[in-house]
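Numbering (my numbering), first residue to last: 152 to 498.
Please read the structure below before turning to the comments.
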Ligand SMILES: [Zn+2]
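The structure is reproduced here in structure tokens:
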């Protein structure tokens, strides 16, 4: 996401929404419904954070507000499995919404699950299997804590030992995003080495972060046993699929399905691309692996069958700053129009 998006959108959304400019795009781009993407649900606290690193952590209050937003508009709350039928058969003006979560965070169980149960709203969690397997590395939370807890550092980033003064919040943020780009470009390869080099963290700290943040298999099984919940795959290693060779892409797509199915004892038929990243090859792989859908992070609504590719379902993001006005501009196709123009119906 563009770093200015949040700033502009927070100022601009209430004005545009009050002027009802979204009614211009509504007839063309609101579609039949939408899928929402969430990551974490965490109560607000007063901890200092790295700017924008907490964007994907919404409060339980915002989750509840989002449920109310769609209830008020008489949207049908669907399971992900019901989308295709709805797109093909539903002749009425009724619209649908599907709630989805990526990665597999523990707070989905602690805060979101009880709320969805009380409102009887179905939802999907796409699991990166290395999370419950105890093998994932939650580097961005480690990096944030590390940067917030240190004021000066001597680190070798490849050009010999360098000194960094990160006493001020602004230098902490600069440093955080500098190192973050290193982690992102690694595409999860050599992460352990990078972490031990930078933070001097070993297996113990890596596991500790994971245990504090990730769902374990027991909870995933409990979630799966509830009829409201669908468990989907978000690969094994959370790598950008389109950047992988055929063999590795196949491994991430096929093997994660097998791991999940053997653990939860039921079929896993829906997939979510890490970072929303995909290519035409990946549609074929998903089809071959017998998935019924693939979800991306393309910010548009879903249109009648024929214009929505089942292996590239778009999803509307729900960030910390997603007010009712922002959501209204999304579901009425106004923000998608600004981003994709007339191409939003094409994959
Ligand atoms: Zn993810």
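No residue lacks a Cβ here, since even glycine has one placed at the ideal position from N, Cα and C.
Self-check item: Three-way DSSP call (helix, strand, coil) for residue 499 in this model
Solution: The question about residue 499 has no answer here: the residues shown for the chain are numbered 152 through 498.
Quiz prompt | Whole runs of the alpha helix (DSSP H) within the stretch 355-430, excluding any shorter than 4 residues | solution = For the stretch 355-430, whole alpha helix (DSSP H) runs of length 4 or above, ordered along the chain, are 368-376, 397-401 and 407-415.
Quiz item: Can the beta-carbon of residue 391 be found closer than 8 Å to that of residue 428?
Solution: Counting from one through the chain shown, the residue named residue 391 turns up at place 240. Counting from one through the chain shown, the residue named residue 428 turns up at place 277. Cβ distance < 8 Å, so residue 391 and residue 428 count as in contact.
Quiz prompt | Residues of its chain near residue 262, where Cβ-Cβ distance is below 6 Å and the 5 sequence neighbours each way are ignored | solution = Locating residue 262 in the chain shown gives position 111, where the first residue counts as 1. Hits under 6 Å: 192 and 211.
Quiz item: Would you say residue 277 and residue 252 are within 8 Å of each other, going by their C-beta atoms?
Solution: Along the chain shown, one-based indexing puts residue 277 at 126. Along the chain shown, one-based indexing puts residue 252 at 101. Yes, the pair counts as a contact, with Cβ atoms nearer than the cut-off.
Quiz prompt | Cβ-based burial, residue 246 [other Cβ within 10 Å; buried from 16] | solution = Residue 246 sits at position 95 when you count from the first residue of the chain shown. By the 10 Å Cβ count, residue 246 comes out buried.
Practice problem: Identify, in the order they occur along the chain, each residue of the same chain with its Cβ nearer than 8 Å to the Cβ of residue 474, setting aside the five sequence neighbours on each side. | Solution: Sequence index remark: in the chain shown, residue 474 carries index 323 (1-based). Within its own chain, the residues whose Cβ lies closer than 8 Å to the Cβ of residue 474, once the five positions on either side in sequence are excluded, are 161, 164 and 165, listed in chain order.
Practice problem: Take residue 314 as the anchor and find which of 308, 320, 321 and 304 has the nearest alpha-carbon. | Solution: Looking up residue 314 in the chain shown gives position 163. Looking from the CA of residue 314, the closest CA among 308, 320, 321 and 304 belongs to 304.
Self-check item: Three-pair Cβ contact test at 8 Å for the stretch 337-347 versus the stretch 205-219
Solution: Contact between the stretch 337-347 and the stretch 205-219 is absent: fewer than 3 CB-CB pairs across the two stretches fall below 8 Å.
Quiz item: Relative to ligand 1, is the shortest distance from any of its heavy atoms to the C-beta of residue 425 smaller than 7 Å?
Solution: Mapped onto the chain shown, residue 425 falls at position 274. Indeed, a heavy atom of ligand 1 lies less than 7 Å from the Cβ.
Practice problem: Find out if the Cβ-Cβ distance for the pair residue 201, residue 324 is shorter than 8 Å. | Solution: Reading the chain shown from its first residue, position 50 is the one you call residue 201. Reading the chain shown from its first residue, position 173 is the one you call residue 324. Yes, these two residues count as a Cβ contact at 8 Å.
Practice problem: Let me know the secondary structure DSSP gives residue 300 once reduced to three states. | Solution: Position 149 of the chain shown, counted from the first residue, corresponds to residue 300. It is helical.
Exercise. Report the rounded CA-to-CA distance for residue 328 versus residue 383, giving the unit in angstroms.
Key: Your numbering for residue 328 matches position 177 in the chain shown. Your numbering for residue 383 matches position 232 in the chain shown. Cα-Cα distance, rounded: 30 Å.
Quiz item: Quick one, are the C-beta atoms of residue 187 and residue 272 less than 8 Å apart?
Solution: Locating residue 187 in the chain shown gives position 36, counting from the first residue. Locating residue 272 in the chain shown gives position 121, counting from the first residue. No; because the gap between Cβ atoms is not below 8 Å, this pair is not in contact.
Exercise. Spatial neighbours of residue 237 within its chain, please: CB distance less than 8 Å, with the 5 preceding and 5 following residues excluded, ordered by chain position.
Key: Here residue 237 refers to the residue found at position 86 when the chain shown is read from its first residue. Correct list, in chain order: 183, 184, 227, 229 and 247.
Self-check item: Check whether residue 190 and residue 254 have beta carbons under 8 Å apart
Solution: Taking the chain shown and counting its residues from 1, the one referred to as residue 190 is at position 39. Taking the chain shown and counting its residues from 1, the one referred to as residue 254 is at position 103. Yes.
Quiz prompt | According to DSSP, residues forming a beta bridge with residue 274 | solution = For the purposes of this step, residue 274 is taken as the residue at position 123 of the chain shown. Answer is 250 and 380.
Quiz item: Going by other Cβ atoms of all chains shown within 10 Å of its Cβ, with 16 needed for buried, is residue 493 buried or exposed?
Solution: For the purposes of this step, residue 493 is identified with residue 342 of the chain shown, where counting begins at 1. Looking at its Cβ environment, which holds fewer than 16 other Cβ atoms inside 10 Å, residue 493 is exposed.
Exercise. Could you tell me which of 363, 455, 480 and 443 sits nearest to residue 240, measuring between CA atoms?
Key: Here residue 240 corresponds to residue number 89 of the chain shown, with the count starting at 1. Residue 455 is the option with its Cα nearest to residue 240.
Quiz item: Does the Cβ of residue 385 lie closer than 7 Å to at least one heavy atom of ligand 1?
Solution: Residue numbering aside, residue 385 sits at position 234 when the chain shown is read from its first letter. For ligand 1, at least one heavy atom lies less than 7 Å from the Cβ of residue 385.
Self-check item: Exposure label - residue 335; buried when at least 16 CB within 10 Å
Solution: Counting from 1 along the chain shown, the entry for residue 335 is found at position 184. Per the 10 Å Cβ criterion, exposed.
Quiz item: Residue range of the alpha helix (DSSP H) that residue 201 falls in?
Solution: Numbered from 1 along the chain shown, position 50 holds the residue referred to as residue 201. In the DSSP assignment, residue 201 falls outside any alpha helix (DSSP H), carrying neither H nor E.
Quiz item: Buried or exposed: residue 452, going by 16 or more other Cβ atoms within 10 Å of its Cβ?
Solution: Working through the chain shown from its first residue, we reach residue 452 at position 301. So residue 452 counts as buried.
Quiz prompt | Buried or exposed by the 16-neighbour rule on C-beta atoms within 10 Å, applied to residue 374 | solution = Locating residue 374 in the chain shown gives position 223, counting from the first residue. Buried: at least 16 other Cβ atoms inside 10 Å.
Self-check item: Given 8 Å, three or more beta-carbon pairs between the stretch 416-425 and the stretch 436-450
Solution: yes
Quiz item: So who's on the other strand from residue 446, going by DSSP bridges?
Solution: One-based indexing of the chain shown puts residue 446 at position 295. In the DSSP output, where bridge partners are listed per residue, residue 446 has 423 and 464.
Exercise. Consider the C-beta atom of residue 254 and the heavy atoms of ligand 1; say whether any pair is separated by less than 7 Å.
Key: Along the chain shown, one-based indexing puts residue 254 at 103. Residue 254 Cβ: within cutoff of ligand 1.
Quiz prompt | C-alpha distance - residue 472 paired with residue 195, whole-angstrom precision | solution = Walking along the chain shown from the start, residue 472 turns up at place 321. Walking along the chain shown from the start, residue 195 turns up at place 44. Rounded to whole angstroms, residue 472 to residue 195 spans 13 Å at the Cα level.
Quiz item: Do you know whose CA, among 217, 346 and 394, lies nearest residue 291's CA?
Solution: The residue labelled residue 291 in the question sits at position 140 within the chain shown. Comparing C-alpha distances from residue 291 to each of 217, 346 and 394 shows the shortest one belongs to 346.
Quiz item: Where do the ends of the alpha helix (DSSP H) carrying residue 256 lie?
Solution: In the chain shown, the residue the question calls residue 256 occupies position 105. Segment: none, residue 256 is in no alpha helix (DSSP H) and carries neither H nor E.
Self-check item: residue 199 burial status per 10 Å Cβ neighbour count (16 or more: buried)
Solution: By one-based count along the chain shown, residue 199 stands at place 48. With fewer than 16 other Cβ atoms within 10 Å, it is exposed.
Quiz item: Whose C-beta lies closer than 7 Å to the C-beta of residue 205 among residues of the same chain, with five residues either side of it excluded?
Solution: One-based indexing of the chain shown puts residue 205 at position 54. Non-local beta-carbon contacts of residue 205 in its own chain, meaning distances under 7 Å to residues more than five positions away in sequence, involve 471 in chain order.
Quiz item: Per DSSP, what kind of secondary structure is residue 225 in: helix, strand or coil?
Solution: Within the chain shown, numbered from 1, the residue matching residue 225 stands at position 74. In the structure shown, residue 225 sits in coil (DSSP, three-state: anything other than H, G, I, E or B).
Quiz item: What is the C-beta distance between residue 281 and residue 387, in whole angstroms, given that I count them as a contact (C-beta under 8 Å)?
Solution: For this step, residue 281 is matched to residue 130 along the chain shown. For this step, residue 387 is matched to residue 236 along the chain shown. Indeed, because the Cβ distance is near 6 Å, the residues count as touching under 8 Å.
Self-check item: Any non-hydrogen atom of ligand 1 closer than 7 Å to residue 204 Cβ
Solution: As a first step, residue 204 must be located in the chain shown, where it is residue number 53. Every heavy atom of ligand 1 is 7 Å or more from the Cβ of residue 204, so no.
Quiz prompt | Distance, residue 256 Cα to residue 366 Cα | solution = Residue numbering aside, residue 366 sits at position 215 when the chain shown is read from its first letter. Residue numbering aside, residue 256 sits at position 105 when the chain shown is read from its first letter. Whole-angstrom Cα-Cα distance: 5 Å.
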